[in-house]
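Enquirer: So the sequence shown is numbered by our numbering: it starts at 1 and just counts up by one.
Cβ atoms here follow ideal geometry from the backbone N, Cα and C, with glycine treated the same way.
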Amino acid sequence: MPNFLLSIIIPVFNEESNVDPLLKRLLPVLKNYRYEIIFINDGSRDKTAFFVKERSKTNKNIKMVSFVRNFGHQQALSAGYRLSKGDCVISLDADLQDPPEIINQMVDKWQKGVKIVYAKREKRDVDSFFKKHTARCFYKLINFLSDTPIPEDVGDFRLLDREVVDFINSLNEQSRFLRGLVAWSGFPAEYVSFSREKRLTGETHYPLSKMLNLALEGIMSFSVKPLRIASYLGFLSSFIGFLGIIYAVIGKVFLPRYWVTGWSALFVGIMFIGGIQLLTIGIIGEYLGKIYKEVQKRPPFLIKEKINL
Ligand code: UDP
Ligand code: MG
Numbered sequence: 001m002p003n004f005l006l007s008i009i010i011p012v013f014n015e016e017s018n019v020d021p022l023l024k025r026l027l028p029v030l031k032n033y034r035y036e037i038i039f040i041n042d043g044s045r046d047k048t049a050f051f052v053k054e055r056s057k058t059n060k061n062i063k064m065v066s067f068v069r070n071f072g073h074q075q076a077l078s079a080g081y082r083l084s085k086g087d088c089v090i091s092l093d094a095d096l097q098d099p100p101e102i103i104n105q106m107v108d109k110w111q112k113g114v115k116i117v118y119a120k121r122e123k124r125d126v127d128s129f130f131k132k133h134t135a136r137c138f139y140k141l142i143n144f145l146s147d148t149p150i151p152e153d154v155g156d157f158r159l160l161d162r163e164v165v166d167f168i169n170s171l172n173e174q175s176r177f178l179r180g181l182v183a184w185s186g187f188p189a190e191y192v193s194f195s196r197e198k199r200l201t202g203e204t205h206y207p208l209s210k211m212l213n214l215a216l217e218g219i220m221s222f223s224v225k226p227l228r229i230a231s232y233l234g235f236l237s238s239f240i241g242f243l244g245i246i247y248a249v250i251g252k253v254f255l256p257r258y259w260v261t262g263w264s265a266l267f268v269g270i271m272f273i274g275g276i277q278l279l280t281i282g283i284i285g286e287y288l289g290k291i292y293k294e295v296q297k298r299p300p301f302l303i304k305e306k307i308n309l
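Here's what the structure looks like:
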């Protein structure tokens, strides 16, 4: 038995039918390690907590923390990182889309001294055409906007060394786009490939609206370039306005016979400048909202109960 401790953190939100199948596949993989499995029950309204509790009665390495309500996947992961004690910590989805069998490979890499091991999705066959392409666009966009390159095709299935976990825990920003924060830490990373499976049961908790929110969160946390783009748009529209003035003066002075006093140019101009103004105010508002959230300093999650912790 190796003498390090391996922590597995699993956010669960209404995953009652996945808890048992998950443990059935996960526990055999862990039998040669000293381990702890921490379920972070993110305000489930079904029997998830009940099933985890049942299993934790006979196996004290199975632990659970329950939030008062749903605080979201990223906050659940953050709580997991805070509560874990392991020398390395692996985060895993509960729906068996992330196969536990590759944990051994990840740990092997870590033992060779790699601080971050990402599980990389080799094939995305099971994801819908829409999800594949929106994901691709998102990574292209964020990597264009952000100074921190964020690796493509890796989700939140990864191994982190204790040093990286302590670093993540030491960050006191409220908004948590963990993929970005991990990449931003800059520790050397390696990959283990897997093909993503279908969700075992139930529906995804990431509908389009939540996906958009995560994407926006990612962009806003890691780049101020949108503010710069707002300024450029301002310049562009002023420049076009300036050209318009020159055009109008020349037309009026030199070609008065052909000059039609029309409202269409005016209309287009107003629409254009109005649009750009709304866009830039919106961008500034997004950042302002973010600053507001940060200065409020509310706790990121509230804990209702702890089992075996
Ligand atoms: N999850 C969570 N809180 C939420 C949404 C999701 O803890 O508000 C958990 C969920 O139970 C699962 C993981 O996060 O273990 C990933 O969610 P999901 O499978 O719905 O996302 P997808 O794989 O479709 O991106
Ligand atoms: Mg899933």
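1) Nearest-angstrom Cα distance between Phe129 and Glu203?
2) Is Ile40 near Phe4, with beta carbons less than 9 Å apart?
3) Are the CB atoms of Phe157 and Gly218 nearer to each other than 9 Å?
4) How is the beta strand (DSSP E) around Phe39 delimited, first residue to last?
5) For the region 92-104 against the region 167-187, are there 3 or more C-beta pairs whose distance is under 8 Å?
6) If the criterion is Cβ atoms closer than 9 Å, does the pair Val114 and Glu163 meet it?
7) Anyone know if the C-beta pair for Leu159 and Lys109 falls short of 9 Å?
8) Who are the near neighbours of Ala79 in its chain, counting only those whose CB is closer than 7 Å to its CB and skipping five residues on each side?
9) Can you check DSSP and say which residues form a bridge with Val117?
10) Is Thr280 near the ligand UDP, with its Cβ less than 8 Å from a heavy atom?
11) Which class does Glu203 belong to by DSSP, given the choice of helix, strand or coil?
12) Could you tell me if His73 is buried or exposed, where buried requires 16 or more neighbouring beta carbons within 10 angstroms of its beta carbon?
13) To the nearest angstrom, how far is it from the Cα of Met106 to the Cα of Tyr118?
14) Going by the C-beta, is Phe93 closer than 8 Å to any heavy atom of the ligand MG?
15) Under 8 Å by Cβ, that's how I've got Gly43 and Asn18 pegged, so tell me the actual separation to the nearest angstrom.
16) Quick one, which of Gln75, Gly269, Phe239, Ile90 has its alpha-carbon nearest Val29's?
17) Just mark Glu197 as buried or exposed, buried being the case when its beta carbon has 16 or more other beta carbons within 10 Å.
18) May I ask you to check if the CB of Thr204 is nearer than 8 Å to at least one heavy atom of the ligand MG?
19) Could you give the uninterrupted runs of the beta strand (DSSP E) lying entirely in the region 65-126, keeping only those of 3 residues or more?
20) Quick check on Thr58: buried or exposed, where buried means 16 or more other Cβ atoms within 10 Å of its Cβ?
21) Please state whether DSSP places Lys57 in a helix, a strand or coil.
22) Could you work out which residue in Ala248, Ile284, Arg55 is closest to Arg228 when comparing CA atoms only?
23) Could you check where the alpha helix (DSSP H) with Val224 kicks off and where it finishes?
24) Give me the residue from Asn143, Ser175, Lys63 with the minimum Cα distance to Ile38.
25) Take the Cβ of Ser223 as the centre, count every other Cβ of all protein chains shown within 10 Å, and call the residue buried at 16 or more, exposed below.
26) State buried or exposed for Phe254, treating a residue as buried only when at least 16 other CB atoms are found within 10 Å of its CB.
27) Who are Lys306's beta bridge partners in DSSP?
28) For Pro315, collect the residues of the same chain with a Cβ closer than 7 Å to its Cβ; drop the 5 residues on either side in sequence, then sort them by chain order.
29) Return yes when at least one heavy atom of the ligand MG lies under 8 Å from the C-beta of Arg162, else no.
30) Helix, strand or coil: which one does DSSP assign to Ser170?
31) When the Cα atoms are used, what is the spatial distance from Met1 to Leu145?
Expert: Reading it off the structure:
1) By one-based count along the sequence shown, residue 129 stands at place 129. By one-based count along the sequence shown, residue 203 stands at place 203. Between Phe129 and Glu203, the C-alpha separation is close to 17 Å.
2) Locating residue 40 in the sequence shown gives position 40, counting from the first residue. Locating residue 4 in the sequence shown gives position 4, counting from the first residue. No, the Cβ-Cβ distance between Ile40 and Phe4 is not below 9 Å.
3) As a first step, residue 157 is located in the sequence shown; it is residue number 157 there, counting from the start. As a first step, residue 218 is located in the sequence shown; it is residue number 218 there, counting from the start. Going by C-beta atoms, Phe157 is not nearer than 9 Å to Gly218.
4) As a working mapping, residue 39 is identified with position 39 in the sequence shown. Per DSSP, Phe39 belongs to the beta strand (DSSP E) from 34-41.
5) no
6) Sequence index remark: in the sequence shown, residue 114 carries index 114 (1-based). Sequence index remark: in the sequence shown, residue 163 carries index 163 (1-based). No, the Cβ-Cβ distance between Val114 and Glu163 is not below 9 Å.
7) Here residue 159 refers to the residue found at position 159 when the sequence shown is read from its first residue. Here residue 109 refers to the residue found at position 109 when the sequence shown is read from its first residue. Yes, Cβ-Cβ distance for Leu159 and Lys109 is below 9 Å.
8) As a working mapping, residue 79 is identified with position 79 in the sequence shown. Closer than 7 Å at the Cβ level, and outside the excluded window around Ala79, lie Ile40, Val65, Phe301.
9) Your numbering for residue 117 matches position 117 in the sequence shown. Note: Val117 sits in a beta bridge opposite Leu159, Glu190.
10) As a working mapping, residue 280 is identified with position 280 in the sequence shown. For the ligand UDP, not one heavy atom lies less than 8 Å from the Cβ of Thr280.
11) Position 203 of the sequence shown, counted from the start, is the residue given in the question as residue 203. Of the three classes helix, strand and coil, the one that applies to Glu203 here is coil, per DSSP.
12) For the purposes of this step, residue 73 is identified with residue 73 of the sequence shown, where counting begins at 1. Classification for His73: buried.
13) Taking the sequence shown and counting its residues from 1, the one referred to as residue 106 is at position 106. Taking the sequence shown and counting its residues from 1, the one referred to as residue 118 is at position 118. Rounded to the nearest angstrom, the two C-alpha atoms are 8 Å apart.
14) On the sequence shown, residue 93 is found 93 positions in, with the first residue counted as 1. One point to set straight first is that residue 93 is Asp, not Phe, in the sequence displayed. At least one heavy atom of the ligand MG is nearer than 8 Å to the Cβ of Asp93, so yes.
15) Residue mapping note: residue 43 aligns to position 43 of the sequence shown, counting from 1. Residue mapping note: residue 18 aligns to position 18 of the sequence shown, counting from 1. No, Gly43 and Asn18 are not in contact; Cβ-Cβ is about 16 Å, not under 8 Å.
16) The residue labelled residue 29 in the question sits at position 29 within the sequence shown. Comparing Cα-Cα distances from Val29 to each of Gln75, Gly269, Phe239, Ile90, the minimum goes to Ile90.
17) By 1-based counting over the sequence shown, the position of residue 197 is 197. Classification of Glu197: exposed, given that the 10 Å Cβ count is below 16.
18) Walking along the sequence shown from the start, residue 204 turns up at place 204. Thr204: yes, Cβ under 8 Å from the ligand MG.
19) 88-91, 116-121
20) Working through the sequence shown from its first residue, we reach residue 58 at position 58. Under this definition Thr58 is an exposed residue.
21) On the sequence shown, residue 57 is found 57 positions in, with the first residue counted as 1. Three-state result, Lys57: helix.
22) Numbered from 1 along the sequence shown, position 228 holds the residue referred to as residue 228. When only C-alpha atoms are compared, the closest one is Ile284.
23) Position 224 of the sequence shown, counted from the first residue, corresponds to residue 224. That residue, Val224, is in no alpha helix (DSSP H); it is neither H nor E in DSSP.
24) Numbered from 1 along the sequence shown, position 38 holds the residue referred to as residue 38. Checked all of Asn143, Ser175, Lys63; the closest Cα to Ile38 is Lys63.
25) What you label residue 223 is simply residue 223 of the sequence shown in a count that begins at 1. Buried, by the Cβ-count rule.
26) What you label residue 254 is simply residue 254 of the sequence shown in a count that begins at 1. Per the 10 Å Cβ criterion, exposed.
27) Indexing the sequence shown from 1 puts residue 306 at position 306. Paired residues: Val65.
28) Residue 315 falls outside the range modelled here, since the chain spans only 1 to 309, and no answer is possible.
29) In the sequence shown, residue 162 corresponds to position 162, counting from 1. Answer for Arg162: no, Cβ out of range of the ligand MG.
30) By one-based count along the sequence shown, residue 170 stands at place 170. Residue state, collapsed to three classes: helix.
31) Working through the sequence shown from its first residue, we reach residue 1 at position 1. Working through the sequence shown from its first residue, we reach residue 145 at position 145. If I take the Cα positions, the gap works out to 46 Å.
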